[in-house]
Amino acid sequence: VKSPDFKPNREAVEALFEALLSVKGLNSIQVTHANLAAVNADRELARYVAEILREKSSYTLHGKQVATVEVGVETGSPRLLRRWMAGKCKPFKPEDWPDVVVSSLSFMEDYEWVALCTILVGLPGETDEDAEHTIRLIEEIRSMGLRTFLVPLIFVPLGTCSLRDEVLKSFNELSQRQIDVFALCWEHNVKVWGPGFFKSQPYWAKVGFKLASKLLYRLKYRRGDEWRRVIADRVFDALKQLL
Numbered sequence: 012v013k014s015p016d017f018k019p020n021r022e023a024v025e026a027l028f029e030a031l032l033s034v035k036g037l038n039s040i041q042v043t044h045a046n047l048a049a050v051n052a053d054r055e056l057a058r059y060v061a062e063i064l065r066e067k068s069s070y071t072l073h074g075k076q077v078a079t080v081e082v083g084v085e086t087g088s089p090r091l092l093r094r095w096m097a098g099k100c101k102p103f104k105p106e107d108w109p110d111v112v113v114s115s116l117s118f119m120e121d122y123e124w125v126a127l128c129t130i131l132v133g134l135p136g137e138t139d140e141d142a143e144h145t146i147r148l149i150e151e152i153r154s155m156g157l158r159t160f161l162v163p164l165i166f167v168p169l170g171t172c173s174l175r176d177e178v179l180k181s182f183n184e185l186s187q188r189q190i191d192v193f194a195l196c197w198e199h200n201v202k203v204w205g206p207g208f209f210k211s212q213p214y215w216a217k218v219g220f221k222l223a224s225k226l227l228y229r230l231k232y233r234r235g236d237e238w239r240r241v242i243a244d245r246v247f248d249a250l251k252q253l254l
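Throughout, our numbering is defined as the position within the sequence shown, counted from one, plus 11.
Okay, structure coming up:
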């Protein structure tokens, strides 16, 4: 970025990739992180990057070469985004964030660029209404059939960030709707990524996994903490449809 309105510096990014492509013997390129607002702000540049990454990717999905990247969604709540990470959505407004997320993820998948998205639960001041915004965003991602891998995480106040003095919550301190965020994410992951995984497994492996999952559920998760049971119920219901 080299502008007051936070638009990507296209010339610099293209020069970087041209330099990488000129390296002799380079077989693959893997970008670790990307910003969804930047994808939405300059789709021509995003398409340029996606096509290179796909061509230079070492990953395949269902027989197709795909590029992967981690992106931080963090929340579907414009209020929390404005309060704690307003710069994440620039050059757009916090109110636009859910639409930016879905639009960018969909655009990326058009070019076989599949994202792993982190979602933070328990941000300071998060209410059930904020969690509802995140749940609606997850449901929209699911309804569009996106292959996005969703990784829900409890907010951790790192020692070098501005929120370092905030309290770290445990799962037992989360509300039902916050727990639902975890459950929905992992249900989505099983439904999207499970069929391909189990299709490649031999029959005996499927039977073994089915028996092991039932045993684990009955002995541990069904009788454990409420939050474990809620998440496990959704995940195992999704697994039943695959095994």
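Quick reminder that beta carbons are idealized off the backbone N, C-alpha and C, glycines included.
Start and end of the beta strand (DSSP E) containing Tyr59? Counted as a single uninterrupted DSSP element, the stretch harbouring Tyr59 is not any beta strand (DSSP E) but the alpha helix (DSSP H) occupying residues Arg54 to Glu66.
May I have the straight-line CA-CA distance separating Leu179 from Ser33, to the nearest angstrom? Going from the Cα of Leu179 to the Cα of Ser33 covers about 46 Å.
With a threshold of 8 Å on Cβ separation, who are the neighbours of Glu55 within its own chain once the five nearest residues in sequence on each side are excluded? Hits under 8 Å: Arg21.
Could you tell me which residues DSSP puts in a beta bridge with Pro206? Its beta-bridge partners do not exist; DSSP assigns none.
Outcome for Ala57 when other beta-carbon atoms lying within 10 angstroms are tallied against a minimum of 16: buried
Going straight from the alpha carbon of Val241 to that of Ser154, what length do you get? Val241 and Ser154: Cα-Cα distance of roughly 22 Å.
By Cβ distance, which residues of its chain are closer than 6 Å to His44, with the 5 residues on each side in sequence left out? Glu81
Integer-rounded CB distance, given that Trp238 should sit under 8 Å from Leu185: 7 Å
Just to confirm, are Ile149 and Leu195 a CB contact at a threshold of 7 Å? yes
Contiguous alpha helix (DSSP H) assignments of at least 4 residues, all confined to the region 136-166: 139-154
Coarse secondary structure for Glu123, derived from DSSP in three states: When secondary structure is reduced to three states using DSSP, Glu123 falls in the coil class, being assigned neither helix nor strand.
I believe Val77 touches Arg65 by the beta-carbon criterion, under 8 Å. Please report the beta-carbon distance rounded to the nearest angstrom. Confirmed, Cβ separation roughly 6 Å.
Less than 7 Å between the C-beta atoms of Thr145 and Thr86, yes or no? yes
Euclidean distance between Cα positions of Ala243 and Phe118: When rounded, the distance between both Cα atoms is 32 Å.
Do Val2 and Pro168 have their C-beta atoms closer together than 7 Å? What is shown of the chain runs 12 to 254, which leaves residue 2 out entirely.
Compare the beta carbon distance of Lys67 and Ile40 with 7 Å and say whether it is the shorter of the two. yes
Can you tell which of Gly36, Val42, Ala30 and Asn46 has its C-alpha closest to the C-alpha of Pro19? Asn46
Rounded straight-line distance, which links the Cα of Ser224 to that of Lys231: 10 Å
Where does Trp95 land, buried or exposed, given buried means 16+ other C-beta within 10 angstroms? Taking a 10 Å sphere around the C-beta of Trp95, we find 16 or more other C-beta atoms and assign the residue as buried.
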